[in-house]
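This report concerns only the one structure given below.
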């Protein structure tokens with residue numbers, strides 16, 4: 000298996016970018032929904048029904064993607080916190096050991 004490296008800064012930047020993307024997608028979904036609702040106000044018939052089904056399927060898939068992005072954001076934030084806590088703990092432990100060695 001390959002080994003990966005990262006920094007706290009990179010994790011934080013990644014979390015911000017994923018959050019921004021999720022917010023933008025949610026905005027597009029909402030704007031599109033408003034446009035479709037306006038358009039559907041006067042549209043009747045089989046084509047209207049077919050379009051409604053396709054749009055609903057699209058919106059469900061877009062929501063799934065956005066939910067996955069939200070989960071990715073939460074995972075990055077959690078990992079960032081854990082990484083920071085572990086690094087702080089290790090620094091304290093090593094500082095204590097260095098103090099014991101130097102005394």
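Residue numbers (the numbering used here): 0 to 102.
For every residue, glycine included, the Cβ atom is placed at its ideal position computed from N, Cα and C.
task = Check whether the Cβ atoms of residue 74 and residue 24 sit closer than 8 Å, and answer yes or no.
result = no
query = Buried or exposed: where does residue 77 fall if 16 or more other Cβ atoms within 10 Å of its Cβ makes it buried?
reply = exposed
query = If you count every other CB in all the chains shown that lies within 10 Å of the CB of residue 97, and 16 or more means buried, which is it?
reply = exposed
inquiry  = Can you check whether the C-beta of residue 68 is within less than 8 Å of a C-beta belonging to chain C?
reply    = Judged by its chain identifiers, the structure shown contains no chain C, having just a single protein chain.
task = Would you decide whether residue 94 is buried or exposed? Buried here means 16 or more other CB atoms lie within 10 Å of its CB.
result = exposed
message = Measuring CB atoms only, is the segment 79-86 touching the segment 2-11, in the sense that at least three cross pairs come out at less than 8 Å?
response = yes
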